[in-house]
Amino acid sequence: MGELRAYAALMAGQFRAMASYRASFVVELVSNVGGTALDVGTVFVLFRAGRVVGGFTLAEAILMASITAAGFVLADFAVGNVDRLTTYVRAGTLDAVLVRPLGVLPQLLLMDLPVRKALRVAIGVGMLGLGIRLNHIHWTPGRGLLIVVAPVAAAVFFGAIFVLSASLSFWWVDSGEIGNGFTYGGRDFTSYPITVYGGWFRAIFAYALGFGFVAYQPALALLGRADPLGVPARAGYLSPLVALLVAAIAAVVWRAGVRHYRSTGS
Amino acid sequence: MDGIGASVLTISPGRLFRGSVTTFGALMWSGFRRYATYRQATLAGTFTNIVFGFLRCYVLLAVAAASGGHAAGYNPRQLATFVWVGQGLLSVVGMWGWTDLADRIRSGDVAADLLRPVPLVTAYLAVDLGRALYGMLTRFLPPLLAGALVFPLWAPARWQTVPLFALSILLAVIGGFGCRFLVNASAYWLQDARGPLILWTLGSGVLAGLYFPLRLLPHGFAVTLWLATPLPGLLQTPLDVLVERDRPAMQVGLVGLQAVWAVVMLALGSLVQRRAERKLVVQGG
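Keeping their order, the protein sequence lines are chains G and D.
As numbered in our numbering, residues 1 to 266 make up the first sequence, in order.
As numbered in our numbering, residues 267 to 551 make up the second sequence, in order.
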């Protein structure tokens, strides 16, 4: 109970800090909304040039992009702040976090209140509605369940990738932008049918790292389409399992990272 | 002891021009050295550029394949070159992540900058040119080489392309600096420039042509972007020049437009700075 009160106090402090720069906050809120719309808008622009890209229509691609968008904004809202870890490790600010009798991860997440990202979640979910409306999905109980589970699994997956990318800075302080290649890069990867990618690049991202199970395979299962790449149609229902597996790996790596951390000291 | 010492720069009234050039050069060199110390960050950034290069290149090539081999007037070689050179140019122009001025305004350190005998915009521009030079030497080629290993690229056919491309990069750096300066300078009024910075990060990428060539957009919209904003000048114009998307006269025109915007942005930067100096209250005790 006392712990909860402490978290609430941290959160209230952040809220006050944020409220003191109101104009900047409003601009930030609006930009965040625009950013999410932009990601899905890019898909529209690209399909304006080619009607069927990688063997999929605009509507089908929007379904994939919208599952990705919904999952990503949820993950970013919940744990996206963890990407500031590298700054804290470099400056040694993490020490202050470690000496408090509270969890490291929750504190980091509250160190930068994600209220500004809240509107994005609404936009992301709205996009998902658009993705469903554009397609004629033959609803079955399985698919009804999948349309709810897939974005949540995507969120867990992206959340785990956020934590994994951030953990890198425990071992390599200057890892800087590498994490972005997997968080934002992963989001871009799963926003399109993976048939557009080629060779080993697709093999690594889609199957070895599991990004193929975030939106592509679930979308195929929802649409009842056979995978041009030959993965069984039911693979879409595996997305929660893949997400949980990655989340478990992220949890182990995060703990190892916190134990490995030695302050910067001078 | 008139003139310039070996280690300490002194500017004599008699040799004002030479003094300014030396100061500008020294500031540039300091910017170069500063970024040269972040070697691991350079490596990490290059890796990320390459990942995004693959992502964008595959998607654009699929779009071109879907519309009969060409997309918005680019052939596949031109598209691949557009993407890979763009990934390198992104860090030369230094579009994202520059918050020095905003941070210094917030902390009050900007007061120290104002005490120096060099106009603030000039000093920051010099440092930024040094940074761009370092970026050109380290960040430009690796993505291009990685792309060349996997995708067939476009080799310029006209001799003018190369010098025009070099000039276009310089103008892109200056124009980009002007934009970032203005975004950062909003901190003079807002104290916390995070909102404008995020708006910039999200908007600049797509409107400068990083995610897809702007010519994929409806024609009227693209033309408006070119004429009414400096953004296409940051990436799209140099890349179009390199892949020879237009006829030579049109290319010169686009670079001319880029030059106009670079001058406008610097002038705006100076103007904003002068207005800001009149109202600036340095924070802290």
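C-beta atoms are modelled at their ideal positions from N, C-alpha and C, and glycine is treated no differently.
DSSP lists D:Y340 as the beta-bridge partner residues of D:A337. G:V152 is positioned such that its CB atom lies no closer than 8 Å to that of G:G54. Distance from the CA atom of G:Y261 to the CA atom of G:R84, rounded to whole angstroms, is 15 Å. With contact defined as three or more Cβ pairs closer than 8 Å, the stretch 160-180 of chain G and the stretch 291-301 of chain D are not in contact. Residue burial is scored here from C-beta neighbours: G:I204 has fewer than 16 other C-beta atoms within 10 angstroms and is therefore classed as exposed. The beta-carbon separation of D:Q344 and D:W420, rounded to 5 Å, stays under the 8 Å limit for a contact. If you check each beta-carbon in the stretch 180-204 of chain G against every beta-carbon of chain D, the ones closer than 7 Å belong to N180, G181, G185, D188, F189, Y192, V196, Y197, G198 and F201. In terms of beta-carbon proximity, G:L38 lines the interface with chain D, with at least one pair separated by less than 8 Å. Between D:A368 and D:A302, the C-beta spacing is not below 8 Å. The stretch 489-502 of chain D makes contact with the stretch 430-439 of chain D, as at least three CB pairs between them are under 8 Å.
Per the DSSP secondary-structure output, G:V53 pairs in a beta bridge with G:F56. From the listed residues G:A155, G:Q107 and G:F77, the smallest Cα separation to G:A9 is found for G:Q107. For G:N81, there is no enclosing alpha helix (DSSP H), as DSSP marks it with neither H nor E.
Of all C-beta pairs linking the stretch 126-143 of chain G to the stretch 42-62 of chain G, three or more are shorter than 8 Å, placing the two stretches in contact. Taking G:V104 as the centre and dropping the five residues before and after it, the same chain places the C-beta of V97, L98 and V258 closer than 7 Å to its C-beta, in chain order.
Within chain G, the C-beta atoms nearer than 7 Å to that of D:D458 come from Y21 and S24, in chain order. It is roughly 47 Å from the alpha-carbon of D:Q353 to the alpha-carbon of G:R5. Between D:F320 and G:N180, the alpha-carbon positions lie close to 14 Å from each other. For a Cβ distance threshold of 9 Å, nothing in chain G lies close to D:L345: the least Cβ distance comes to about 11 Å. Among the residues facing chain G, D:P462 is included, as its CB has a counterpart in that chain under 8 Å away.
Check the Cα spacing between G:L109 and each of G:L238, G:G159 and G:I62: the tightest is with G:G159.
For D:T490, the closest of D:A474, D:L505 and D:P504 by C-alpha to C-alpha distance is D:A474. With three or more CB-CB distances shorter than 8 Å, the stretch 356-368 of chain D counts as touching the stretch 396-407 of chain D. In the three-state reduction of the DSSP assignment, D:A332 falls in the helix class, which pools H, G and I. The C-beta of G:T87 has fewer than 16 other C-beta atoms within 10 Å across all chains shown, which makes the residue exposed. Not a single CB atom of chain D sits nearer than 8 Å to the CB of G:T68.
In summary, the residues of the stretch 320-337 of chain D whose CB is separated from some CB of chain G by less than 7 Å are F320, L321, Y324, V325, A328, V329, A332, S333 and A337, in the order they occur in the chain. For G:I123, the enclosing alpha helix (DSSP H) has its first and last residue at A118 to L134. In this structure, the straight-line span from the alpha carbon of D:W425 to that of D:G522 is close to 18 Å. A distance below 8 Å separates the beta carbons of G:V121 and G:L74. With a threshold of 16 other beta carbon atoms within 10 Å, G:E177 meets it and is buried. DSSP, read as helix, strand or coil, puts G:R5 in helix. Assigned with DSSP and collapsed to three states, D:W362 falls in coil, not helix or strand.
With contacts defined as CB atoms closer than 8 Å, G:I67 and G:A219 qualify as a contacting pair.
The beta-carbon of D:Q502 is placed no less than 8 Å from the nearest beta-carbon of chain G. Of the candidates D:G311, D:A337 and D:D375, D:A337 places its Cα closest to the Cα of G:F47.
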